[in-house]
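Below is one structure, written out as structure tokens, with a few remarks after it.
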Amino acid sequence: MAMIGLSEGSLAPEWASRYPAHARGAIRLYGEEFHRDPAAVYWRLRTVHGPVAPVLVDGDVPAWLVLDYREFGQVLASPAYYTRDSNAWNSWDLIPADWPLIPMITARDTAWFLTGDEHDRRVAVLADGLGTVDPFELRTACERVADDLIDGFAGHGRADLISQYAELLPLRVATALLGLPPADSTAIVADLAIVVNGGPDAVTANIRLRDRLQAQVTARREHQRFDVLSRLVTHPAGLRDGELLEELQTIFAIVHQATSAWIGNTLRLMLGDPRFAATILGGRRSVGDAMAEVLWEDPPGATLTGRWTVGPRTLGRYRLGAGDLLLLSITAANTDPTIRTTAEVHHRNQAHMAYGHGEHRCPLAGQEIGEAIAQAAVQILLDRLPDIELATPIDRLAWRPSLWLRSLVDLPVVFTP
């Protein structure tokens with residue numbers, strides 16, 4: 002099972018006895034070799050192992066990676082067999098307290114992890130609240146925020162479109178839609194960036210963030226307004242403050258990470274790929290075409306975090322034990338050769354897994370808002386700076402070393418001031 006040229010882990014004896022398939026040269030889904038070209042790793046894993054492969058994540062912890070489109074949908078559509086509850090994991094006794102992936106896979110009190118009736122209750126609140134966003138109001142907010150951000154660097158002739166644009170615009174638009182005052186919005190955006198990016202100040206920033214969000218929730222309970230937050234607070238399902246805070250933080254995290262990455266990945270394609278870059282003014286390929294291609298080829302959410310087998314299961318070529326950890330690769334599922342037609346036709350359909358699948362699929366209202374924000378961000382930037390060009394060749398742009406998120410470290414550009 003060895004793969005020449007890929008980093009293979011070595012299991013500690015206590016792991017090897019539980020996961021014999023992983024003891025024979027399982028591939029690491031971390032480190033420079035993996036992050037240099039994850040799509041190539043997924044292709045080779047599929048070639049050797051089929052639709053499900055034994056892999057190792059940070060610390061050489063064993064997991065199963067779901068690669069193929071059919072098995073991806075099968076796992077997410079079968080919560081009775083593959084649970085979202087991280088308490089089902091059979092290996093918690095071997096996980097150190099400082100394991101870096103604990104925050105990513107540990108269940109929290111939010112719709113992203115909940116199942117059944119409680120999941121449906123939370124999603125109904127979010128869908129109803131987000132579903133009332135007026136498209137004209139949303140576009141106006143996007144234009145205002147985009148123009149403000151572009152004004153900040155337009156006179157310099159150069160910019161980093163990730164840190165100065167893509168990472169900031171979705172959060173500022175989201176806080177505007179929620180109806181947060183500008184001063185509070187600025188502070189919340191700053192703390193959210195610290196929390197999402199991690200680091201020594203993340204815990205303190207998270208405390209400030211929750212305090213500020215709680216103050217806004219309390220204010221809406223006392224005095225309703227015509228904004229999304231008021232609709233969430235007053236929804237008939239009656240979310241308690243703690244529940245609402247968890248959902249708000251999840252919304253912000255998704256907006257910050259997924260929508261920002263979608264903007265950055267689309268701009269990379271528009272500015273660096275000859276199929277798009279040569280026709281920005283000619284218009285043969287649109288922003289919408291680039292956005293659709295990104296969802297298939299470089300989806301912002303590259304991998305979905307944990308599902309756990311409820312009992313022993315056969316999946317692909319392997320027999321999985323009860324409580325085994327599964328990770329699901331959106332990127333690999335989208336590039337499964339059994340579902341691919343010609344690339345141009347393929348990118349036009351909406352059958353990709355970028356929004357997930359099953360009961361935890363992103364609500365339609367959330368999809369529409371994210372798409373509207375990303376499309377406006379790209380269109381407005383290209384309209385304002387028509388001669389914008391990459392300052393670095395597209396093949397030298399660096400991707401963040403993340404299994405979960407497909408996003409650029411930076412996107413340096415130059416243009417006429």
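In this note's numbering, the protein residues as written are 2 to 418.
Cβ atoms here follow ideal geometry from the backbone N, Cα and C, with glycine treated the same way.
Remember, predicted model here, so these are calculated numbers, not experimental data.
Check your understanding: Should R29 and L57 be called a contact, given that it needs their Cβ atoms to be closer than 7 Å?
Key -> Taking the first residue of the sequence shown as 1, we reach residue 29 at position 28. Taking the first residue of the sequence shown as 1, we reach residue 57 at position 56. The Cβ atoms of R29 and L57 lie closer than 7 Å to each other.
Review point. Is it true that the stretch 352-362 meets the stretch 70-86, where meeting means three or more beta-carbon pairs spaced less than 8 Å apart?
Key: Short answer: they touch.
Check your understanding: Among V134, D59 and E144, which one has its Cα closest to the Cα of L382?
Key -> Taking the sequence shown and counting its residues from 1, one reaches residue 382 at position 381. Nearest neighbour of L382 by Cα position, chosen from V134, D59 and E144, turns out to be E144.
Check your understanding: What's the gap between the Cα of L150 and the Cα of G322?
Key -> As a first step, residue 150 is located in the sequence shown; it is residue number 149 there, counting from the start. As a first step, residue 322 is located in the sequence shown; it is residue number 321 there, counting from the start. Computed Cα separation, rounded: 51 Å.
Exercise for review: To the nearest angstrom, report how far apart V62 and D38 are at their CA atoms.
Suggested key: For the purposes of this step, residue 62 is taken as residue 61 along the sequence shown, with counting starting at 1. For the purposes of this step, residue 38 is taken as residue 37 along the sequence shown, with counting starting at 1. Their backbone Cα atoms lie some 21 Å apart in a straight line.
Exercise for review: Return the chain-ordered ranges of every alpha helix (DSSP H) run that is complete within the stretch 169-195 and spans a minimum of 4 residues.
Suggested key: Inside the stretch 169-195, DSSP marks whole alpha helix (DSSP H) runs of 4 or more residues at positions 170-179, from first to last along the chain.
Practice item. For W16, count neighbouring C-beta atoms within 10 Å of its own C-beta (all shown protein chains included) and say buried if the count is 16 or more, exposed if not. Key: Position 15 of the sequence shown, counting from 1, holds the residue named residue 16. Result: buried.
**Study point:** Proximity winner among V379, A24 and G32, relative to L170 (alpha-carbon distances)
**Key:** Sequence index remark: in the sequence shown, residue 170 carries index 169 (1-based). Restricting attention to V379, A24 and G32, the CA atom closest to the CA of L170 is found in V379.
**Study point:** Alpha-carbon to alpha-carbon, T336 and M105
**Key:** By 1-based counting over the sequence shown, the position of residue 105 is 104. By 1-based counting over the sequence shown, the position of residue 336 is 335. The C-alpha of T336 is placed about 24 Å away from the C-alpha of M105.
Point to revise | Alpha carbon of R276 to alpha carbon of S261, nearest angstrom | key: What you label residue 276 is simply residue 275 of the sequence shown in a count that begins at 1. What you label residue 261 is simply residue 260 of the sequence shown in a count that begins at 1. So the alpha carbons of these two residues sit roughly 23 Å apart.
Practice item. Closer than 8 Å by C-beta to R213: which residues in its own chain qualify, once you throw out the five before and the five after it? Chain order, please. Key: Position 212 of the sequence shown, counted from the start, is the residue given in the question as residue 213. Around R213: D185, A188, I189 and D192.
Point to revise | Neighbourhood of P313 by C-beta, 8 Å cutoff - its chain only, sequence neighbours within 5 removed | key: Indexing the sequence shown from 1 puts residue 313 at position 312. Within the same chain, Cβ atoms closer than 8 Å to the Cβ of P313 are found at R320, L321, G322 and A323, the five residues on either side in sequence being excluded.
Point to revise | Strand pairing of W16, partner residues [DSSP] | key: Translated into the one-based positions of the sequence shown, residue 16 becomes position 15. None, per the DSSP bridge assignment.
Practice item. Assign G307 to one of three DSSP states: helix, strand, or coil. Key: By 1-based counting over the sequence shown, the position of residue 307 is 306. Strand, per DSSP.
Check your understanding: Between the C-alpha atoms of Q165 and L95, what's the straight-line distance to the nearest angstrom?
Key -> The count along the sequence shown starts at 1 and reaches residue 165 at position 164. The count along the sequence shown starts at 1 and reaches residue 95 at position 94. Q165 and L95: Cα-Cα distance of roughly 41 Å.
Practice item. Identify which residue in L178, I374 and Q376 has its Cα closest to the Cα of D228. Key: The residue given as residue 228 occupies position 227 in the sequence shown. Ranking L178, I374 and Q376 by Cα distance to D228 puts L178 first.
**Study point:** Cβ-Cβ distance between T267 and A303 below 7 Å
**Key:** Here residue 267 refers to the residue found at position 266 when the sequence shown is read from its first residue. Here residue 303 refers to the residue found at position 302 when the sequence shown is read from its first residue. No. Outside cutoff.
Check your understanding: How long is the line joining the alpha carbons of Y83 and D161, rounded to whole angstroms?
Key -> Here residue 83 refers to the residue found at position 82 of the sequence shown. Here residue 161 refers to the residue found at position 160 of the sequence shown. Separation of Y83 and D161 (C-alpha to C-alpha, rounded to the nearest whole angstrom) is 41 Å.
Check your understanding: Is it the case that the Cβ atoms of C330 and L102 are separated by a distance below 7 Å?
Key -> Within the sequence shown, residue 330 is the residue found at index 329, counting from 1. Within the sequence shown, residue 102 is the residue found at index 101, counting from 1. Checking the displayed sequence, the identity of residue 330 turns out to be Ser instead of Cys. Not closer than 7 Å, so no.
**Study point:** Cβ pair W297, A89 closer than 7 Å
**Key:** To locate residue 297, count along the sequence shown from 1; it is residue 296. To locate residue 89, count along the sequence shown from 1; it is residue 88. The answer is no: Cβ separation not under 7 Å.
Exercise for review: Report the rounded CA-to-CA distance for I5 versus A22, giving the unit in angstroms.
Suggested key: Translated into positions along the sequence shown, residue 5 becomes position 4. Translated into positions along the sequence shown, residue 22 becomes position 21. Low confidence applies here, because I5 scores a pLDDT of 42, under 50, leaving its location unreliable and the question unanswered by this model.
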